[in-house]
Amino acid sequence: MSKDKKKITKSMILRSVASSTAIETGAPVKTIEKRLKANKLKYESLSLAI
-6 MSKDKKKITK
4 SMILRSVASS
14 TAIETGAPVK
24 TIEKRLKANK
34 LKYESLSLAI
C-alpha cells in the first residue's frame, strides 16, 4: 500500500458523481458536471462528508 495519500477535492467528487451518472443515463459527463455545479447554490448550507 502506498503511504502517500492524495487529497480528495470537491471537484474530484463532482467529476466522479458526474461520470457515474453519465454511465447510468447515457448523458455526457460535461453536461451532468455543469448541472451539478449550477445547483451548488441550492445546497450551499450542506457540506460533503470527507
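To convert, note that position 25 of the sequence shown is 18 in the working numbering; the numbers rise steadily by one, no gaps.
C-beta: ideal position from N, C-alpha, C; glycine also.
Item                                                                                                                               : Value
With C-beta atoms as the reference, is S9 less than 7 Å away from V22?                                                             : no
Within this structure, are the beta carbons of T29 and L7 separated by less than 7 Å?                                              : The question names Thr, but residue 29 in the sequence shown is Leu. In contact: L29 and L7 (Cβ atoms closer than 7 Å).
Buried or exposed: which applies to I25, given that a residue is buried once 16 or more other Cβ atoms fall within 10 Å of its Cβ? : buried
E37 by DSSP, collapsed to three states: which one?                                                                                 : coil
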